[in-house]
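Down below is the structure, laid out as structure tokens.
In my numbering, the protein residues as written are 16 to 314.
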């Protein structure tokens, strides 16, 4: 599989051999490639869309749709296309990187940073992602300058310039940082129980790792019901874990024995979570529609 660079810094996937799917989907995909090379963007977009209808798992077609829509500044549509790639293949680092770039265009800086942070070290995009994280965080920390421009001269007014300076964040004199466990796969949510056992969500591998107080690490839960885990909380009353599955819009419960049970569906890109144990209530942030959902637990 080869990749060609699109104009305006987007990326187009081009396969050098026929896809192992139905012929009709392959035909649409090849037509889309031809239309793109001829500069017929709308035709290419239509052809790639038809390819996804013929084969809903055609990640290359979804990616190309996102790349074209990005170039056309249709950022919300591009984000949906790249997220479709990640729904099918959560390990696709190129699609993950492109979602971060779209979030930047939408001025959703925190989400852009979070997406860049999910780029794993083995990816060719890793260093660029780290550079972008540094750039965005530096920009967030800088004072905000508001200027007034006159309609006649279109120059900055020296007398009507307002400055808003963020308060300086106190710095600790000394902070110790050390790695206590390694070898994860896109680690996201982390919780610890009363026995000192640490649980870590592996976004890229759809697993939950368990590290006991002695440092022994093992896979605690995996399989159906875990798909792009991000946020995670622990119910200390029951020992149940709750995870937000960002890629399939669900929340799952994991029992102390490692059994996975989906307890809520149809969320909108669930991300972080908070558990109010006294009221048996779970709160889940939703990135897709910028909201918070409430889930009343039965136990």
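All C-beta atoms, glycine included, are put in the ideal place defined by N, C-alpha and C.
Range of the contiguous beta strand (DSSP E) that encloses residue 283
Segment: none, residue 283 is in no beta strand (DSSP E) and carries neither H nor E.
Enumerated in chain order, which unbroken segments of the beta strand (DSSP E) with a length of 3 residues or greater are wholly contained in the stretch 226-303?
If one requires a minimum length of 3 residues, the beta strand (DSSP E) runs lying completely within the stretch 226-303 are 232-237, 244-249, 256-260, 265-269, 275-279, 285-291 and 296-301, in chain order.
State the CB to CB distance for the pair residue 256 and residue 214, rounded to an integer number of angstroms; the pair is presumed to be in contact (CB under 8 Å).
With a Cβ gap of about 6 Å, residue 256 and residue 214 count as contacting.
Contact between the stretch 241-258 and the stretch 268-275 (3+ Cβ pairs under 8 Å):
Yes, the stretch 241-258 touches the stretch 268-275.
Only counting the same chain, and skipping five residues up and downstream in sequence, which positions put a Cβ closer than 8 Å to that of residue 94?
Within the same chain, and ignoring the five residues on either side of residue 94 in sequence, the residues whose Cβ sits closer than 8 Å to its Cβ are 81, 114, 117, 118 and 121.
8 Å contact criterion, which residue 1 and residue 216 should meet: CB distance rounded
Residue 1 lies beyond the stretch modelled for the chain, which goes from 16 to 314, so this question has no answer here.
CB-CB length for residue 295 against residue 280, believed under 8 Å:
In this structure residue 295 does not touch residue 280 by the C-beta definition: roughly 19 Å separates them, more than the 8 Å allowed.
What is the DSSP secondary structure of residue 308, reduced to helix, strand or coil?
Looking at residue 308 - three-state DSSP - the assignment turns out to be strand.
Rounded C-alpha distance that separates residue 146 from residue 123
Cα to Cα, residue 146 sits roughly 17 Å from residue 123.
Take the Cβ of residue 128 as the centre, count every other Cβ of all protein chains shown within 10 Å, and call the residue buried at 16 or more, exposed below.
Buried: at least 16 other Cβ atoms inside 10 Å.
Under the three-state reduction of DSSP, which class applies to residue 174: helix, strand or coil?
In this predicted model, residue 174 has a pLDDT of only 38, less than 50, meaning its place in the structure is not dependable; the value taken from the coordinates is given anyway. Residue 174: coil per DSSP, three-state reduction.
Work out the CA separation of residue 73 and residue 46 for me, nearest whole Å.
Across the structure, residue 46 and residue 73 are spaced so that their CA atoms are roughly 14 Å apart.
Nearest-angstrom beta carbon gap, residue 206 and residue 249 [assumed within contact, 8 Å]
Indeed they touch by this definition, with Cβ atoms about 4 Å apart.
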